[in-house]
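One structure is given below, encoded as structure tokens.
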Amino acid sequence: MSPESKKLFNIVILGVAFMFLFTAFQTCGNVAQTVIRSLNSTNFHGSGYTSMAIIYGVFSASNLITPSVVAVIGPQISMFVSGLFYSMYIAVFIQPFPWSFYTASVFIGIAAAVLWTAQGNCLTINSDEHTIGRNSGIFWALLQSSSIYFFNNTVCFANGGLQSKFQVSLGDRRTVFIALTVISLVGTVLFFLIRKPDSENVLGEDESSDDQDMEVVESAQNNMTKAVDAFKKSLKLCITKEMLLLSVTTAYTGLELTFFSGVYGTCIGAINKFGTEEKSLIGLSGIFIGIGEILGGSLFGLLSKNSRFGRNPVVLLGIVVHFVAFYLIFLNMPGDAPIAPVEGTNSSAYIRPSKEVAVLCSFLLGLGDSCFNTQLLSILGFLYSEDSAPAFAVFKFVQSICAAVAFFYSNYLLLHWQLLVMVMFGFFGTISFFTVEWEAAAIVARGSDYRSI
520 MSPESKKLFN IVILGVAFMF LFTAFQTCGN VAQTVIRSLN STNFHGSGYT SMAIIYGVFS
580 ASNLITPSVV AVIGPQISMF VSGLFYSMYI AVFIQPFPWS FYTASVFIGI AAAVLWTAQG
640 NCLTINSDEH TIGRNSGIFW ALLQSSSIYF FNNTVCFANG GLQSKFQVSL GDRRTVFIAL
700 TVISLVGTVL FFLIRKPDSE NVLGEDESSD DQDMEVVESA QNNMTKAVDA FKKSLKLCIT
760 KEMLLLSVTT AYTGLELTFF SGVYGTCIGA INKFGTEEKS LIGLSGIFIG IGEILGGSLF
820 GLLSKNSRFG RNPVVLLGIV VHFVAFYLIF LNMPGDAPIA PVEGTNSSAY IRPSKEVAVL
880 CSFLLGLGDS CFNTQLLSIL GFLYSEDSAP AFAVFKFVQS ICAAVAFFYS NYLLLHWQLL
940 VMVMFGFFGT ISFFTVEWEA AAIVARGSDY RSI
């Protein structure tokens, strides 16, 4: 196998492994609060929202140390160990206890930070300046097969055991989460199929042992230096004008990520007026979120290079689509849906709850999310091409912090207050993005290069 073929093989395996891993994890997260509501009528007392808040909070803090972890043990082992912790979190639901549930939430927060840092490193070492775009697209497409919910929510939608029940039975719960644990373990094992790419500068076999020892020492010192430099650059980037402005937009993506990935499915499952199909609608909602994600990613991600109008029109479309979705959700769903008891809610909003409107809003949430994320990735890559790793670390840090905050307040705020928070952050986040994009367009017009810190 040629070196280029080996690198392409690694990228495909990386994407397939993430597809399996996040098929299991996304499904778990999508139905967790609904399942926990059933468990709360037993000796178990916990909250899926609190769990996700812990995960994202720990994930945010762990981003500061994960580059050092990956540098020491390598990306392959880092991803494998992280995958085991993902599987452990899912397996907790087979026989859950509050202490194990929240402890696993802490561990998976650390594992998530290590996993995504290692993924970026693996993608980089298997790409060059000519293939990074292609490889990123391959990985993104395979990852979206899980995160857009096609596979996982089809299973949930077809699972009759979760339909027309206020209580999810012990047998149904164990069957679902054993299957999800196995799926995540399959993705974890696939990381071992990733091969070390051939180095273009391979040292000769006649190299002396003293020289080899010296190289090992210098390599260790270089890794430590790079880790310290990346940490310093991340701190410096946090206080630049462009990053502060983009942080408002990033904060919005964290809030709306929490809403469509956790809160919205819980709201659908809590509305008794949807009839006996309320639980299966959670899966159907996820499928349409996925359709919106993949449509937006295809149109605005792959075709962005041919756009003559910049990034602002796409972001404007995203916020308009989201505002329409929020308004329809406000009309369609009662305010107590996110915090309804296990029996659900019989309340109504301003119109009779409509399954069709709920599914349409799912599609709009996914489409709008793809608009924001594709353009944020694009502008970060343009502005910080020389310091992309620290820039994306700050991006993930802000996004995960805001997602953690959103999961926390989702335990207490009524639906209309949650929608209001997102509307405010969405409005100011869009204005902030416009400001940075206008400056980026001016840089292109002057024909000058942006000098990152």
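The opening position of the sequence shown corresponds to residue 520 in the numbering used here, with each subsequent residue numbered one higher.
Quick reminder that beta carbons are idealized off the backbone N, C-alpha and C, glycines included.
None of these values were measured; they are calculated from a predicted model.
State buried or exposed for residue i, treating a residue as buried only when at least 16 other CB atoms are found within 10 Å of its CB.
| i | result |
| --- | --- |
| E761 | buried |
| G887 | buried |
| L754 | exposed |
| H564 | exposed |
| F539 | buried |
| M941 | buried |
| T700 | buried |
| L763 | exposed |
| T542 | buried |
| Q731 | At Q731, the pLDDT of 49 sits below 50, so the modelled position is not reliable; the number obtained from the coordinates is stated separately. Q731 should be labelled exposed. |
| I573 | buried |
| K915 | buried |
| F711 | exposed |
From the DSSP output, in three-state form, read off residue i for me.
| i | result |
| --- | --- |
| I950 | helix |
| T864 | strand |
| I790 | strand |
| R692 | helix |
| L879 | helix |
| F670 | Summary for F670: the model assigns pLDDT 47, below 50, so the residue's position carries little reliability, and this model does not support an answer. |
| F616 | coil |
| P853 | coil |
| H982 | Because the chain here runs from 520 to 972, residue 982 falls outside it and cannot be looked at. |
| P586 | helix |
| P872 | coil |
| K715 | coil |
| G829 | coil |
| Y903 | coil |
| R704 | Looking at the sequence provided, one finds Leu at residue 704 rather than Arg. It is helical. |
| N645 | coil |
| Y931 | coil |
| T636 | helix |
Using the Cα positions of residue i and residue j, report the straight-line distance between them to the nearest angstrom.
| i | j | result |
| --- | --- | --- |
| A923 | P594 | 26 angstroms |
| V708 | V633 | 17 angstroms |
| I950 | G639 | 29 angstroms |
| L939 | R871 | 21 angstroms |
| T643 | K525 | 14 angstroms |
| S570 | I713 | 32 angstroms |
| F793 | Y846 | 19 angstroms |
| L704 | E523 | 28 angstroms |
| Y928 | V917 | 17 angstroms |
| A580 | Y771 | 19 angstroms |
| L774 | A912 | 18 angstroms |
| S597 | A698 | 24 angstroms |
Beta-carbon within less than 8 angstroms of residue i's beta-carbon, same chain only, minus the 5 sequence neighbours each way: which residues are those?
| i | result |
| --- | --- |
| F882 | F807, I808, I810 and G811 |
| I898 | L765, R830, F952, V955, E956 and A959 |
| F849 | A868, Y869, L934, H935 and L938 |
| V535 | L661, G706 and L709 |
| F537 | Q638, F658, L661, L662, S665 and G706 |
| T864 | A789, I790, N791, P853, D855 and A856 |
| V840 | L883, L886, G887 and C890 |
Can you give the beta carbon distance from residue i to residue j, rounded, assuming they're within the 8 angstroms contact cut?
| i | j | result |
| --- | --- | --- |
| L895 | T785 | Rounded, the Cβ-Cβ distance is 26 angstroms, inconsistent with contact. |
| S867 | P853 | 6 angstroms |
| F604 | F626 | 5 angstroms |
| I609 | V577 | Not confirmed; about 17 angstroms, so no contact. |
| G781 | G548 | 6 angstroms |
| F926 | Y621 | Contact flag wrong, Cβ pair sits at about 13 angstroms. |
By Cβ distance below 6 angstroms, which residues in the same chain neighbour residue i in space, the five residues on each side in sequence not counted?
| i | result |
| --- | --- |
| F947 | V767 |
| G837 | G887, C890 and F891 |
| I787 | L800, I801, S804 and A877 |
| C880 | A844, L847 and I848 |
| S601 | A630, V633 and L634 |
Here's a check: name, in chain order, each residue in its chain whose Cβ is nearer than 7 angstroms to the Cβ of residue i, leaving out the five neighbours to either side.
| i | result |
| --- | --- |
| L814 | L886 |
| T636 | T585, P586 and V589 |
| I702 | F539, T542 and A543 |
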